[in-house]
Ligand code: SF4
Ligand code: SF4
Ligand code: FES
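Protein chains in written order, with UniProt numbering: chain A, 1 to 180; chain B, 1 to 243.
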């Protein structure tokens with residue numbers, strides 16, 4: 001590989017566990033830095049993708065209008081898009097609210113739940129509108145690869161990244177596929 | 001007298017009269033993926049995971065009788081792809097959020113998905129609204145994860161003699177119903193020691209206060225593939241059924 005890969009990451013409706021798992025590849029980060037440079041990512045604090053991104057890693061599902069906007073923009077810039085973790089793949093824990101009407105969720109969280117003081121539903125122009133349901137990202141954009149797990153282990157992420165950096169078709173052995 | 005044979009993936013397999021293809025395969029140590037089949041019960045044939053090609057036609061191995069000269073294809077890329085699609089459909093038709101499920105690691109649906117190399121569900125999720133029943137002191141019924149295999153129906157009817165469960169409705173409106181005036185589990189004679197309370201291959205019927213007993217990494221399918229586990233457990237049952 002002559003030119004360095006450009007990688008970007010983003011977090012939508014997730015808990016940052018997948019980003020932590022990426023950092024958990026520990027000293028292999030140095031090997032990664034040899035072959036890849038980071039563009040937009042919460043780790044670099046770059047807010048928008050540059051023109052050419054080879055690899056985009058998405059953590060989290062879609063729970064509000066901003067998530068959808070961010071995902072669409074991200075997809076536009078990334079040659080290869082990867083859904084990382086349960087939330088990006090199936091909505092994950094945030095999707096537990098899908099059984100419950102949005103109105104009831106808001107009521108429980110902000111108006112009549114236990115221990116609430118000064119009950120009010122947050123309403124500010126800066127707050128993105130909530131979607132009725134939480135959705136995985138493949139329902140909105142094309143996804144090229146999926147890394148299952150909550151979060152996928154550091155080894156899973158590493159196997160995927162090192163395969164890709166070496167120009168191999170990424171593949172995950174059974175031991176690296178986990179849904180929990 | 002020579003025993004009758006069929007072929008599975010080109011290998012001659014003996015069978016005894018009355019055996020299904022699944023039973024002949026299991027007795028010979030060949031794994032055919034399955035979910036609604038459990039050798040302790042009469043076959044049901046609903047999940048279609050066990051689809052094999054018999055002389056060129058797709059059939060459910062768990063219900064199809066073994067016969068002389070059958071040429072059965074089982075472990076092929078095409079059939080495993082089909083099985084993966086069926087498994088993906090089972091995931092999107094229910095609410096399967098493994099990180100929050102007590103059955104994770106011990107669940108046959110999850111293990112089937114691991115076995116078949118499923119990394120995503122491919123289809124849009126249905127997120128169906130399904131009722132949870134926590135009324136029973138010892139048993140939890142979380143319909144979110146029911147795959148309509150009817151194992152609980154068969155166990156309750158045929159082993160426990162209590163007829164606690166049935167599947168009601170059709171197609172996407174199918175749901176597991178409970179046979180009591182209130183429709184609640186608490187008003188049935190089911191007990192935590194019943195077969196029906198322990199047979200569910202997924203986390204839909206759970207005995208309470210047992211969750212997360214074994215840490216992640218040490219659970220059943222962390223240690224064995226579904227194929228290993230099935231063959232080890234099911235082979236002796238098949239042998240004794242047809243002695
Ligand atoms: S029943 Fe199995 S597949 Fe469904 S959520 Fe639980 S562990 Fe996952
Ligand atoms: S509750 Fe479990 S055993 Fe009963 S039909 Fe559903 S998945 Fe099968
Ligand atoms: S195992 Fe044969 S159809 Fe389910």
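Virtual Cβ for every residue (Gly too), placed ideally from N, Cα, C.
Short CB-CB distance (under 8 Å) between residue i and chain B
i, result
"residue 16 of chain A", "no"
"residue 208 of chain A", "One cannot answer for residue 208 of chain A here, as it falls past the ends of chain A, which runs 1 to 180."
"residue 1 of chain A", "Reliability fails at residue 1 of chain A, whose pLDDT of 48 lies under 50, so the model's placement of it is uncertain and the value that follows must be treated cautiously. Residue 1 of chain A does not count as touching chain B."
"residue 172 of chain A", "yes"
"residue 83 of chain A", "yes"
"residue 31 of chain A", "no"
"residue 86 of chain A", "yes"
"residue 177 of chain A", "yes"
"residue 75 of chain A", "no"
Any non-hydrogen atom of ligand 5 closer than 7 Å to residue i Cβ
i, result
"residue 34 of chain B", "The ligand content of the structure shown is limited to ligand 1, ligand 2 and ligand 3, which means ligand 5 is not among them."
Beta carbon proximity, residue i to chain A, threshold 8 Å
i, result
"residue 104 of chain B", "yes"
"residue 98 of chain B", "yes"
"residue 31 of chain B", "no"
"residue 88 of chain B", "no"
"residue 1 of chain B", "Model confidence at residue 1 of chain B stands at a pLDDT of 48, short of 50, so the residue's coordinates are unreliable; what they give is reported in the following sentence. It does not; no Cβ of chain A falls within 8 Å."
"residue 244 of chain B", "This structure does not reach residue 244 of chain B, given that chain B is present from 1 up to 243, and the question cannot be answered."
"residue 188 of chain B", "no"
Test item: CB-CB of residue i and residue j under 8 Å
i, j, result
"residue 145 of chain A", "residue 93 of chain A", "no"
"residue 106 of chain B", "residue 219 of chain B", "yes"
"residue 45 of chain B", "residue 142 of chain B", "no"
"residue 59 of chain A", "residue 85 of chain A", "yes"
"residue 186 of chain B", "residue 164 of chain B", "no"
"residue 36 of chain A", "residue 166 of chain A", "no"
"residue 172 of chain A", "residue 32 of chain A", "no"
"residue 139 of chain A", "residue 99 of chain B", "no"
"residue 89 of chain A", "residue 120 of chain B", "yes"
"residue 77 of chain B", "residue 21 of chain B", "no"
"residue 40 of chain A", "residue 13 of chain A", "no"
"residue 158 of chain B", "residue 64 of chain B", "no"
"residue 119 of chain A", "residue 111 of chain A", "yes"
"residue 176 of chain A", "residue 159 of chain A", "yes"
"residue 207 of chain B", "residue 39 of chain B", "no"
"residue 137 of chain B", "residue 83 of chain B", "no"
"residue 85 of chain B", "residue 49 of chain B", "no"
"residue 177 of chain B", "residue 90 of chain B", "no"
"residue 51 of chain A", "residue 216 of chain B", "no"
"residue 157 of chain A", "residue 46 of chain A", "no"
"residue 12 of chain B", "residue 68 of chain B", "no"
"residue 56 of chain A", "residue 87 of chain A", "no"
"residue 16 of chain B", "residue 234 of chain B", "no"
"residue 109 of chain B", "residue 35 of chain B", "yes"
"residue 114 of chain B", "residue 221 of chain B", "yes"
"residue 74 of chain A", "residue 49 of chain A", "yes"
Sheet register partners of residue i (DSSP bridge)
i, result
"residue 61 of chain A", "A:13"
"residue 125 of chain B", "None, per the DSSP bridge assignment."
"residue 57 of chain B", "B:54"
"residue 14 of chain B", "B:5"
"residue 182 of chain A", "Since the first residue of chain A shown is 1 and the last is 180, residue 182 of chain A is not available in this structure."
"residue 84 of chain A", "A:59 and A:147"
"residue 133 of chain B", "B:141"
Could you please tell me which residues of the stretch 209–229 of chain B, in chain order, have their CB closer than 8 Å to any CB of chain A?
Answer set for the stretch 209–229 of chain B: 216 and 225.
Threshold first: 3 residues or longer. Then list the beta strand (DSSP E) segments lying entirely within the stretch 135–218 of chain B, N to C.
With a minimum length of 3 residues, the continuous beta strand (DSSP E) runs that stay inside the stretch 135–218 of chain B are 139–142, 165–168, 175–178 and 205–207.
Scan the stretch 118–129 of chain B for residues whose Cβ lies nearer than 7 Å to a Cβ of chain A and list them as they occur along the chain.
Answer set for the stretch 118–129 of chain B: 119, 120, 121, 124, 125, 127 and 129.
Name the residues in the stretch 90–117 of chain A whose C-beta lies less than 7 Å from a C-beta of chain B; which are they?
Within the stretch 90–117 of chain A, 90, 91, 92, 93, 95, 96, 98 and 99 place their CB atoms closer than 7 Å to a CB of chain B, listed in sequence order.
Note down, in chain order, all residues in the stretch 64–85 of chain B with a beta-carbon under 8 Å from any beta-carbon belonging to chain A.
Cβ proximity to chain A below 8 Å picks out nothing from the stretch 64–85 of chain B.
Can you pull out the residues from the stretch 132–161 of chain A whose beta carbon lies closer than 7 Å to at least one beta carbon of chain B?
Listed by position, the residues of the stretch 132–161 of chain A near chain B (Cβ gap below 7 Å) are 133, 136, 138, 139, 146, 148 and 150.
Relative to chain A, which residues along the stretch 12–24 of chain B have a C-beta separation below 9 Å, given in chain order?
Answer in chain order: no residues at all.
Beta strand (DSSP E) runs wholly inside the stretch 91–168 of chain A, at least 3 long, in chain order
For the stretch 91–168 of chain A, whole beta strand (DSSP E) runs of length 3 or above, ordered along the chain, are 130–135 and 145–147.
Extract the residue ranges of the beta strand (DSSP E) inside the stretch 66–121 of chain B, only unbroken runs of 3 or more that lie entirely within it.
Runs of the beta strand (DSSP E) inside the stretch 66–121 of chain B: 71–73.
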